[in-house]
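These notes concern the structure reproduced below.
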Amino acid sequence: MVLPNQLTVLRIILTPVFLFLFISDNPLMKQMSLVVFIIAAVTDWYDGWLARKFNYITNWGKFMDPLADKILTSTAFFAFVFLGVLEMWMVVVIVFRDFMVTFLRLYADTKGESMTTSYMAKWKTFIQMAFIYYLLAVYTLQTVGWIYKGNEHIFRMLMDQRLINVCMLIITILTIYTGVAYLFTNRKLLGRFFSDEK
Numbered sequence: 037m038v039l040p041n042q043l044t045v046l047r048i049i050l051t052p053v054f055l056f057l058f059i060s061d062n063p064l065m066k067q068m069s070l071v072v073f074i075i076a077a078v079t080d081w082y083d084g085w086l087a088r089k090f091n092y093i094t095n096w097g098k099f100m101d102p103l104a105d106k107i108l109t110s111t112a113f114f115a116f117v118f119l120g121v122l123e124m125w126m127v128v129v130i131v132f133r134d135f136m137v138t139f140l141r142l143y144a145d146t147k148g149e150s151m152t153t154s155y156m157a158k159w160k161t162f163i164q165m166a167f168i169y170y171l172l173a174v175y176t177l178q179t180v181g182w183i184y185k186g187n188e189h190i191f192r193m194l195m196d197q198r199l200i201n202v203c204m205l206i207i208t209i210l211t212i213y214t215g216v217a218y219l220f221t222n223r224k225l226l227g228r229f230f231s232d233e234k
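So the number in my numbering is just where the residue sits in the sequence shown, counting from 1, plus 36.
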């Protein structure tokens, strides 16, 4: 197995490790979860760079790499649902859209075609990941005594539930919009997909 694919497997393995650490009541384990998530995210960038630079591109990698990404980000979202930070319905909408587009992309690859990615969709991904990092950083850093002590008001402001709900609602609306735009732009491919399913 080529190195980029090994990194993809590592990312999948690290996902449940991250979840276990993050939902733990132990402050040190929560702090470790942030490190694990960052390592997993870095493997995503690095395996993509390796695959492009050294042409380590395989059918397995094209299938599993985007799937591993969605598994990691979806796990983070559902972890915050478990903690009562995010609304379940918003997370379900986001996860459904992301997996739908991922599988459509994989289908397009099997047909030797490519799906058009909009500028807005790229921004959606950036904002979504930035929001996850924001939540993870604040939630883990508040368990570090020397950081939290004396900055309680800052953490309360950063974790204001109304602020989080508004940000998540914006991301959800953006996710729905880009998902519908994907389907419309690639409607011919979508039509062939349903034809093949019959």
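No residue lacks a Cβ here, since even glycine has one placed at the ideal position from N, Cα and C.
{"query": "Exposure label - I130; buried when at least 16 CB within 10 Å", "result": "buried"}
{"query": "Exposure label - D196; buried when at least 16 CB within 10 Å", "result": "exposed"}
{"query": "Alpha carbon of I200 to alpha carbon of P40, nearest angstrom", "result": "35 Å"}
{"query": "Enclosing alpha helix (DSSP H) for L46 [first to last residue]", "result": "39–58"}
{"query": "Reference F99; option with closest CA among T138, R198, A217", "result": "T138"}
{"query": "Same chain only: Cβ atoms within 7 Å of V127, ignoring 5 sequence neighbours per side", "result": "F113, F114, V117"}
{"query": "Sequence ranges, alpha helix (DSSP H) only - wholly within the stretch 83–122, length at least 4", "result": "95–118"}
{"query": "Distance between F56 and F90 (C-alpha atoms, nearest Å)", "result": "35 Å"}
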